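For reference, the structure discussed in these notes is given below.
Numbering (the working numbering), first residue to last: 2 to 1096.
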């Protein structure tokens, strides 16, 4: 190995640095010493409004964030940004001190200890694969089903189908473990285990839904383990403890269920108290419970091996081919010899009415069939596996029969039914799948302890997969051993009635059945305690994420961190499972919730793999998206195989939680895969849209709404957004844009505040869309930028909505109306449609309803059909739904108005639009004196404003001349459009010298002012302006006459003049055209057809 020697380079002399003006030499090297007083906490700033970024993985401890780490002579180029881009040494030192908070009880146990008040030095994680992952997984996977139900499953389904059930369930969990290993090794998994993995991979909606499903599954698992423990206690340990007893042997299982409810509730309460008082007791006994499980399993294998040479003695009494309940009689025979006398046996007395064998009336089946005794455990070498190879599914109440025994098939009396062993529930393959699956769960135990592992990214995959492999081999071998060693009718006997109420799997064990009974009892109690410990912490982790508001109370805990309220809720939900009281009914419920959880673990892995997100770099390499999809499909199939109605209920619960979180608006950004999936889908769709412009049938207005903000950055006209929401009804694209005048570097914060204000207003007005605020030196440039650059690919706006420049007549500043006209020209140049809602403050809010009235369309010129389409879209909204549509068009003298009306009605019929049609005839008439007067006033006003601006500029110039007698003044282009738009942004100073000739010319110019006003009085209006004013006046008269009571008037917006000198007159024409109308929508088409008669 090569040697590396680090030689310190000493630099003790500040030398020339302290001669620089304003700079004191400070040694900022990482020596642990501070600089001069006052310099240690210096905060750098770049002066451009940059904000500090919160690091997602660094702890912000004070010692680590001292500013003396931020400066170094060798990093002078980067020193201004070192507060937001730390040095590598600082980064690594903080990563080293990172501690992972894990789910579990380790920290709570420490808090409860006697030394909890003293500050403890955190121990480094030191658990290996065996203790940290493998054994906890074994303990969680092995459980009550193995001991109480696996023999019954083998007897009912047969060895082949049982093997298939185990294969399906274990394959599902193995595929899930592969996906989980990939996710768990793609970074650190803190508290919450599976919930954390899913929520951070698929987002808060999926995370919350599946996290709660996982919580409910764990809670019902606690109920299942408690029911299993009580079943062992009442059936096999102390049957005398039963409180409720059946009235007779023919009674159903109601008394047993009530016993289960009472004892289950007591057991649950005791367990909850243990968990509440101290989790450390649960952890201390975890090893003991695991030892019980392992000893029990070993005893089964030992008994199977011993049965080859010496099968255990558990004889079964058969009447014909029917199995008898063994504990209701002593001798398996109809008669017994007492002394030298043959007398009826106790079995005889059960089936016959009299003890006298000659005169007794006996059950017909009893009378015609013989009583035989067969071994219950023939042994591994007996060949019984041939009979047990295939299934024997039974209906509820069906008597267990051995097909190979001969019998006379007669119907016996119903009174003797209680002496036979019968099926307590109807069985099917799907039912058995649902009951067995919980015995394959528990694979998340290792990932939940990642913080305690020395090398989590190595231990979790190896330990989990080894644990699943081990348990699968145990299950497979157990299926074969049970089928090869135990008689079929004993296997199908769920509660061991045929073998004197012994636990069936206990009859095979060695050295005694009590090994299994006691071992399984303690293992189920331990598993129940583990579930009651884990479930509240999982709920607490979900509550602390604050994605489900009503769960917030369950995030609170005791002083030592114990989730008290979560434990209480867990106990109440587990009590619901206890009240069901049947292990066979509770098992499918928790199967659903675990399968739902595993399904989404596989989905998370598949989504991340297919998206190839940059952060997806698992250390576990043996995964593939196809395996994840196969696992996901198997989970879904198992859900519907085991219980289709439970599956629908579980998916419904998850769906409701998902929609609730989505409705509440979980503002969490966890870098989840669903967001990446949305981006990929959006990219794909945008590329498809890019192929060409939309067909006329698909055309709808995609809006760019230009908003004006006031001085406080509030939306000046919120009804613009109201109108947009009513027009769009949540469909298509809406972009809301605004322009802030200034410098971007200085206005960044203002931009963010503006965007937030607009977003808030959009939410209030229910506008679904995007917001974009740009900063520009001139407002008109900013609007041009928005028109050009908003949208992406095929998702670009095709319609601009712009407000009317109110008060343009009263203002001496022409920027408002010049910006308006410039925007009209920009939309025309970009081939975009334009809508200008005038008097927008009078437009209805979203809460108003028009119960009657008309939307009037004045179709003067055809520009693509926008005027027809807009009323139809507005009528989709509840505000305008009751309004009727009227279409007016204008006929000239040489037009046939009757034919026009017919043609227009036909056109509307083909467009599938319902509207009243009216053709208004416009007769040629002389230009009225009113029109002439309005034109004259318009031109005089225009000229007067120009003179006022001139005289104002002259006054400013004269004041500047008086002020600066040294012939240097600032001179700008006073009348240019550039200066009008750049008042806030000062241009470079133009300096010029005043000569005596220039001063004389200026005085002559001022003396001509009276002549200018005389010209103003004697002005003659331009004929083209008179003609345009005549059109505006005549149209306005007609529109006001016909539509004065309309709810909304839509009409064509005339285009601006080609010559920019007539812009102010254009504004006057629009004012005249819309006078006297309450709500007007001026519309300009974008140069393409937007409505079609074809399907």
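Quick reminder that beta carbons are idealized off the backbone N, C-alpha and C, glycines included.
None of the values given here were measured: they were computed from a predicted structure.
C-alpha gap between residue i and residue j, whole angstroms
| i | j | result |
| --- | --- | --- |
| residue 308 | residue 207 | 51 Å |
| residue 830 | residue 706 | 18 Å |
| residue 186 | residue 577 | 37 Å |
| residue 490 | residue 238 | 23 Å |
| residue 1079 | residue 848 | 19 Å |
| residue 612 | residue 606 | 10 Å |
| residue 390 | residue 550 | 54 Å |
| residue 69 | residue 747 | Because residue 69 carries a pLDDT of 46, less than 50, the predicted location of this residue cannot be relied on, and the following value inherits that uncertainty. Looking at the two C-alpha atoms, the distance is approximately 28 Å. |
| residue 636 | residue 593 | 9 Å |
| residue 984 | residue 202 | At residue 984 the pLDDT is 38, less than 50, meaning the model places this residue with poor confidence; the figure from the coordinates comes in the next sentence. Residue 984 and residue 202: Cα-Cα distance of roughly 52 Å. |
| residue 241 | residue 182 | 48 Å |
| residue 417 | residue 343 | 24 Å |
| residue 198 | residue 464 | 18 Å |
| residue 1092 | residue 1029 | 30 Å |
| residue 745 | residue 719 | 25 Å |
| residue 1097 | residue 678 | Nothing about residue 1097 can be read from this structure; the chain reaches only from 2 to 1096. |
| residue 246 | residue 648 | 36 Å |
| residue 1081 | residue 664 | 36 Å |
| residue 362 | residue 478 | 49 Å |
| residue 654 | residue 660 | 10 Å |
| residue 616 | residue 604 | 17 Å |
| residue 273 | residue 280 | 10 Å |
| residue 775 | residue 839 | 25 Å |
| residue 589 | residue 754 | 53 Å |
Residue j beta carbon less than 8 Å from that of residue i
| i | j | result |
| --- | --- | --- |
| residue 200 | residue 629 | no |
| residue 725 | residue 802 | yes |
| residue 1097 | residue 890 | Residue numbering for the chain in the displayed model covers 2 to 1096; residue 1097 lies beyond these limits and cannot be assessed. |
| residue 438 | residue 138 | no |
| residue 434 | residue 369 | no |
| residue 498 | residue 422 | yes |
| residue 461 | residue 448 | yes |
| residue 387 | residue 322 | no |
| residue 196 | residue 543 | yes |
| residue 912 | residue 918 | no |
| residue 853 | residue 883 | yes |
| residue 495 | residue 425 | yes |
| residue 258 | residue 582 | yes |
| residue 798 | residue 722 | no |
| residue 406 | residue 319 | yes |
Given residue i as reference, the closest of the options once Cα atoms are compared
| i | options | result |
| --- | --- | --- |
| residue 519 | 158, 574, 861 and 230 | 230 |
| residue 695 | 723, 752 and 794 | 794 |
| residue 385 | 258, 649, 540 and 486 | 486 |
| residue 149 | 654, 440, 618 and 863 | 440 |
| residue 482 | 152, 1032 and 1041 | 152 |
| residue 728 | 844, 776 and 645 | 844 |
| residue 565 | 586, 894, 589 and 539 | 539 |
| residue 1075 | 873, 805, 1090 and 522 | 805 |
| residue 627 | 177, 163 and 165 | 177 |
The ligand NAP heavy atom lying under 7 Å from the CB of residue i
| i | result |
| --- | --- |
| residue 1050 | For the ligand NAP, the structure offers nothing, since it holds no ligand at all. |
### Task
Evaluate the contact criterion for the region 726-741 versus the region 765-784: three or more CB pairs, one atom per stretch, below 8 Å.
yes
#### Entry: Segments of 3+ residues assigned as beta strand (DSSP E) that fall wholly inside the region 732-766
735-742
### Query
If you scan the region 124-171 from start to end, which runs of the alpha helix (DSSP H) of 4 or more residues do you find wholly inside it?
136-142 and 145-149
#### Entry: Three or more C-beta pairs below 8 Å linking the region 784-792 and the region 815-833
yes
### Query
How do the region 615-624 and the region 214-226 stand: do at least 3 beta-carbon pairs fall below 8 Å, yes or no?
no
### Task
Kindly provide the ranges of any alpha helix (DSSP H) runs that are 4 or more residues long and lie completely inside the region 617-670, ordered along the chain.
626-643 and 645-665
### Message
For the region 139-152 against the region 375-384, do three or more pairs of beta-carbon atoms, one drawn from each stretch, fall closer than 8 Å, so that the two count as touching?
### Response
no
### Query
Are the region 1072-1086 and the region 1048-1062 in contact at 8 Å, needing three or more beta carbon pairs?
yes
### Contact the region 325-338 vs the region 399-415: 3+ CB pairs below 8 Å
no
### Query
Are the region 529-537 and the region 295-302 touching, with three or more C-beta to C-beta distances below 8 Å?
no
### Query
Hey, which unbroken runs of the alpha helix (DSSP H) at 4 residues or more fall wholly within the region 798-839?
816-830
#### Entry: Validate contact between the region 508-516 and the region 299-307 using beta carbons, cut 8 Å, 3 pairs
yes
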